[in-house]
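Visitor:
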Amino acid sequence: MSRLQVKRMSVGYEHDPILKTLNIDIPDGSFTAIIGPNGCGKTTLLRSLCRLLKPETGQVCLDGENIHHYPAKTVAKQLGLLPQSANAPEGIRVTDLVARGRYPHQTLFRQWSEEDAVAVQLAMDVTGTTRFADRMVDSLSGGQRQRVWIAMALAQQTPILLLDEPTTYLDIAHQIDLMELFRMLNLESGRTLVAVLHDLNHACRYATHLIAIKDGEVVAQGSPQRIITAQLVQQVFGLDCIVINDPVSHTPLIIPKGSFTHSHKPALERSSTNSGPTFSNDSGETMSS
-8 MSRLQVKRMS
2 VGYEHDPILK
12 TLNIDIPDGS
22 FTAIIGPNGC
32 GKTTLLRSLC
42 RLLKPETGQV
52 CLDGENIHHY
62 PAKTVAKQLG
72 LLPQSANAPE
82 GIRVTDLVAR
92 GRYPHQTLFR
102 QWSEEDAVAV
112 QLAMDVTGTT
122 RFADRMVDSL
132 SGGQRQRVWI
142 AMALAQQTPI
152 LLLDEPTTYL
162 DIAHQIDLME
172 LFRMLNLESG
182 RTLVAVLHDL
192 NHACRYATHL
202 IAIKDGEVVA
212 QGSPQRIITA
222 QLVQQVFGLD
232 CIVINDPVSH
242 TPLIIPKGSF
252 THSHKPALER
262 SSTNSGPTFS
272 NDSGETMSS
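Here this note's numbering is used: the first residue of the sequence shown is -8, the next is one more, and so on.
#1: State the beta-bridge partners of THR183 as determined by DSSP.
#2: Would GLY55 be called buried (16 or more neighbouring beta carbons within 10 Å of its own) or exposed?
#3: To the nearest angstrom, how far is the alpha carbon of TYR26 from that of MET143?
#4: Grab the span of the beta strand (DSSP E) containing GLN(-4) for me, first residue to last.
#5: In the DSSP assignment, find the beta strand (DSSP E) that holds LEU244 and state where it starts and stops.
#6: Could you tell me whether the segment 223 to 242 touches the segment 9 to 22, using the rule of 3 or more Cβ pairs below 8 Å?
#7: For ARG42, which beta-bridge partners are listed by DSSP?
#8: What are the boundary residues of the beta strand (DSSP E) that includes PHE282?
#9: Within 10 Å of its beta-carbon, does PRO62 have 16 or more other beta-carbons around it, so buried, or fewer, so exposed?
#10: I need the straight-line Cα distance from TRP140 to VAL51, nearest angstrom please.
#11: Using alpha carbons as the reference points, say which of THR149, GLN137, LEU176 and LEU145 lies closest to LEU161.
#12: Where does the unbroken beta strand (DSSP E) through ASN192 begin, and where does it stop?
#13: Take the Cβ of VAL2 as the centre, count every other Cβ of all protein chains shown within 10 Å, and call the residue buried at 16 or more, exposed below.
#14: Using the DSSP secondary-structure output, state which residues sit across from GLU106 in a beta bridge.
#15: Excluding the five sequence neighbours on either side, which residues of its own chain have a C-beta within less than 7 Å of the C-beta of ASP155, listed in chain order?
#16: Which residues bound the beta strand (DSSP E) around PRO8?
#17: Excluding the five sequence neighbours on either side, which residues of its own chain have a C-beta within less than 8 Å of the C-beta of VAL128, listed in chain order?
#18: Report all residues from its chain with a CB closer than 7 Å to the CB of PRO8; omit the five preceding and five following residues, and keep chain order.
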């Protein structure tokens, strides 16, 4: 039995159903990606998994028990959350923000200890944030700040980590950088990761398990190799595509067809039969196309 399960769960806002009678098992030790079009309920599902939202019917189970029956700190020792838009307090240092991940482990009789310091240092080492530990968080780049938030979540030392669109607003290099980090965390520590991802090719390359959602319902669950087909992408996203084998990762690679499959020539090529655009060569001479 998986540690984290969804059983016949429906969730809505003011009686407007967003998720409808979902049944989901998150495989232990997996990197699970939740995929689907905008507005299908991906973030609602993630917020329900960490009990920020309470189901109208059904339940989220942690170790076989309704997650809402646990004390908040008990859940916080098992589930870590990296929200979509995290804002650091103004004027806080990197080290101090990462240290906040140790809050669930503090009690009236157990304050800051060497164990906490070790956990914070390990989280910063793993995420590569040690080199700017004493800088202010608001002075960092977007990619650096995201790594700091991940370090805080890792300092929490939970076996399950939930990530809501962790690569949003990052350039392609920083996106790959973070996806590689998540893959390493999953493979080397056995930590279960559950992420909402918009980039379908990132999900196919890095995740071991996918949950495809459309209109609040699960359309397919399983490994990328098993469930990703052109038909599924069309069904879930309404996208006409082909699916090939990625020559590097040997995972499904989705290639949209778009207008490139049409018989007409591109606009630039058509215009060249007229007075076409002009270009400059290396010597600065002007040439017609």
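Virtual Cβ for every residue (Gly too), placed ideally from N, Cα, C.
Here the structure is a predicted model, which is why all the values come from computation and not from measurement.
Guide: Concretely, from the data shown:
#1: What you label residue 183 is simply residue 192 of the sequence shown in a count that begins at 1. Paired residue(s): ILE151.
#2: Taking the sequence shown and counting its residues from 1, the one referred to as residue 55 is at position 64. GLY55 is exposed by the Cβ-count criterion.
#3: Counting from one through the sequence shown, the residue named residue 26 turns up at place 35. Counting from one through the sequence shown, the residue named residue 143 turns up at place 152. Residue identity check: residue 26 is Ile in the sequence provided, not Tyr. Whole-angstrom Cα-Cα distance: 25 Å.
#4: Working through the sequence shown from its first residue, we reach residue -4 at position 5. GLN(-4) -> beta strand (DSSP E) spans -5 to 4.
#5: On the sequence shown, position 253 is the one that residue 244 refers to. Annotation for LEU244: the continuous beta strand (DSSP E) segment containing it runs 243 to 247.
#6: The segment 223 to 242 vs the segment 9 to 22: no contact.
#7: Along the sequence shown, read from residue 1 onward, the residue named residue 42 stands at position 51. Under DSSP, ARG42 takes part in no beta bridge, so it has no partner.
#8: In the structure as shown, the chain starts at -8 and stops at 280, and residue 282 therefore has no counterpart that could be examined.
#9: For the purposes of this step, residue 62 is identified with residue 71 of the sequence shown, where counting begins at 1. Flag for PRO62 reads exposed.
#10: Numbered from its first residue, the sequence shown carries residue 140 at position 149. Numbered from its first residue, the sequence shown carries residue 51 at position 60. If I take the Cα positions, the gap works out to 25 Å.
#11: Locating residue 161 in the sequence shown gives position 170, where the first residue counts as 1. Measuring C-alpha to C-alpha distances from LEU161 to each of THR149, GLN137, LEU176 and LEU145 identifies GLN137 as the nearest.
#12: Taking the first residue of the sequence shown as position 1, residue 192 is located at position 201. No beta strand (DSSP E) contains ASN192, which is instead part of the alpha helix (DSSP H) from 191 to 197.
#13: Along the sequence shown, one-based indexing puts residue 2 at 11. VAL2 comes out buried.
#14: For the purposes of this step, residue 106 is taken as the residue at position 115 of the sequence shown. According to the DSSP secondary-structure assignment, GLU106 is paired through a beta bridge with no residue.
#15: Looking up residue 155 in the sequence shown gives position 164. Non-local C-beta neighbours of ASP155 in its own chain, meaning closer than 7 Å and more than five positions away in sequence, comprise THR34, LEU37, LEU73, PRO74, GLN75 and VAL187, ordered along the chain.
#16: The residue you call residue 8 lines up with position 17 of the sequence shown. Where PRO8 is concerned, the enclosing beta strand (DSSP E) stretches over 7 to 17.
#17: Along the sequence shown, read from residue 1 onward, the residue named residue 128 stands at position 137. Beyond the five residues adjoining it in sequence on each side, VAL128 comes within less than 8 Å, by CB distance, of ALA79, ILE83, ARG84, VAL85, LEU88, ARG136 and VAL139 in the same chain, given in chain order.
#18: Your numbering for residue 8 matches position 17 in the sequence shown. SER1 and GLY207.
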